[in-house]
Amino acid sequence: MNREEIIKNIDYIKGIVESSNRYTNVSGLAGILSGVLALTGCIISYYLLDSFNLTAPLIQSKLLLLGILWLIIFTGAVVLQVVFTVYKAHKIGVQPWTKLSHQIVFALLPGLLAGAILTLYLVKYNQPVFIPGVWILLYGVGIAASGIFSIIAVRLLGWAFILTSTLPLFVYPECGLIFMALTFGVYHIIYGLVVAIKYRG
Amino acid sequence: MKKEENPLDLNKIIHERIRLGIMSALSTRETMTFTELRELLKTTDGNLSVHARLLEENGYIKSEKKFLDRKPLTVFRITATGKKEFMGYLSMLKGIIKQLT
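If you're matching them up, the sequences are chains P and U in order. Position 140 of the first sequence, counting from 1, maps to 140 under the numbering used here, and the rest follow consecutively. Position 78 of the second sequence, counting from 1, maps to 1078 under the numbering used here, and the rest follow consecutively.
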C-alpha cells in the first residue's frame, strides 16, 4: 500500500463522515400539524382584528391578546415537533437526541431570538405592521441555518420563508396575516407532506 | 525500537471500500437505516447486504429488523468491538503513513 492509496482511503473516510453528518429523522407529520396550527392562528387573528392588516391603530387594544395567542401557537408547534421527532426516532429505533439535534437547535436559536427582539422593538416603536415580515424572515433564517445539519427539504423551507418575507416587508405590508398563513401555514404543510412521503412519517 | 507497521496487517474486515464506508458512517452516526447507508455509500441493495453481513458476523455492527407502516426496515448499529477496531484501523493507517514519510 503506497502513500497515495492511504491518502485516498483517508479522504474517503473523511467524505463519508462529513456527509453522514446530517439529521434525517425529521417528522413530516409535525410539519403538517404545525402548519394547521398556524393557519388556525391566522384565522383567529383575522376574527380578532377583522382585517389582514396589522397597523398600529387597529391592533393596539388587542396586542396582548394576539401576543398570548401566538405564544401559545409557537409553544404548541415546538411541542408537536419534539413529540413527533421522539416518536419517529423511537419507532425506527434510532436515538432522537444526538450531537446533530444539538447543533440543529443551536443553529435555530439565533434567528428566533433576533425575531423576538425585533418584535419587541416594533411593538415599542409602534410599528406592528412589520411583525409578520420580521417573523417570516427570521424564522426562515433559523430554519435555513439548522437545515445545514439536516435534509435539503429543511433548507429549502428556510429559503422559501426568507424570500417570501420581502413581500410583506416591502410590497404588501397591509396583507401581513395572509403572508403568515401562506408561509407558516401552507409552506409548513407542503414541507410536511414532502417529508412524510419521502422519509416515511 | 518502534513497532513497524506492516500494511498487510491492516484489518481486512474493514479494509474494503464499502465496509470502510459503513464503519466510517456508523462511527459518526451510531445508528443508520439500510436505505440511508445505501444512499450515502451510493451502492446497491445486494452489495450493501453482503458487506453488512460480513461486518455483522464479525461482531462489528448489529442489525435489527423492524416494521414501519408495515414495511420492513433494517437499522444498523455499531458495536463496542466495531468502534475499537475502526479506531485501531485508523491509527494503523496513521502509522503506515508515518513510516512512509
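Note that the Cβ used here is the ideal one computed from N, Cα and C, for glycine as well.
If you look at isoleucine 1078(U), you'll find it in the beta strand (DSSP E) that goes 1071–1078. One Cα belongs to arginine 1019(U), the other to alanine 1052(U), and the distance between them is close to 7 Å.
Interface criterion not met: the Cβ of serine 101(P) is under 8 Å from no Cβ in chain U.
Counting C-beta pairs closer than 8 Å gives fewer than three between the region 73–85 of chain P and the region 130–145 of chain P, which falls short of the contact rule. Inclusion of tyrosine 187(P) and alanine 153(P) in the CB contact set at 8 Å is not warranted, their separation being larger than that value. About 6 Å separates the Cβ atoms of leucine 29(P) and glycine 201(P), confirming a contact at the 8 Å cut-off. Below 8 Å, enough C-beta pairs join the region 128–136 of chain P and the region 169–180 of chain P to call them touching: three or more.
For isoleucine 1014(U), there are no neighbours in chain P by C-beta distance under 8 Å, as the nearest C-beta there is about 10 Å away.
Look at the region 2–29 of chain P: the residues with a C-beta under 8 Å from a C-beta of chain U are Asn2, Arg3, Ile6, Ile7, Asn9, Ile10, Tyr12, Ile13, Ile16, Val17, Ser19, Ser20, Asn21 and Thr24.
Residue burial annotation: phenylalanine 1067(U) is exposed, with fewer than 16 other C-beta atoms found within 10 angstroms of its C-beta. When the alpha-carbon of glutamate 18(P) is set against those of Ile1013(U), Leu1026(U) and Lys1012(U), the nearest one is in Leu1026(U). Three or more Cβ pairs closer than 8 Å define a contact, and the region 1022–1038 of chain U meets that threshold against the region 83–103 of chain P. A check of alpha carbon separations from proline 168(P) across Ile131(P), Trp159(P) and Val105(P) identifies Ile131(P) as the nearest. For the region 1058–1084 of chain U, the set of positions with a beta-carbon nearer than 7 Å to some beta-carbon of chain P reads Glu1064, Lys1066, Leu1068, Asp1069, Leu1073 and Val1075 in chain order.
With a 10 Å radius around the Cβ and a threshold of 16 neighbouring Cβ atoms, serine 1091(U) comes out exposed.
Counting along the chain, the unbroken beta strand (DSSP E) around glutamate 1064(U) starts and ends at 1061–1068. Residue Gly41(P) holds the alpha-carbon nearest to the alpha-carbon of leucine 69(P) among Gly41(P), Phe84(P), Val86(P) and Phe52(P). Counted as a single uninterrupted DSSP element, the alpha helix (DSSP H) harbouring threonine 40(P) occupies residues 28–49. Listed as beta-bridge partners of serine 150(P) by DSSP are Tyr23(P). Residues of chain P whose Cβ lies closer than 9 Å to the Cβ of alanine 1025(U) are, in chain order, Ile16, Val17, Ser19 and Ser20. Here threonine 1043(U) carries a coil assignment [DSSP, helix/strand/coil]. Around the beta carbon of valine 26(P), 16 or more other beta carbons sit within 10 angstroms, so the residue counts as buried.
In this structure, the CA atom of alanine 107(P) is about 42 Å from the CA atom of leucine 1100(U).
If you keep only unbroken alpha helix (DSSP H) runs of at least 4 residues inside the region 72–126 of chain P, you get 99–124.
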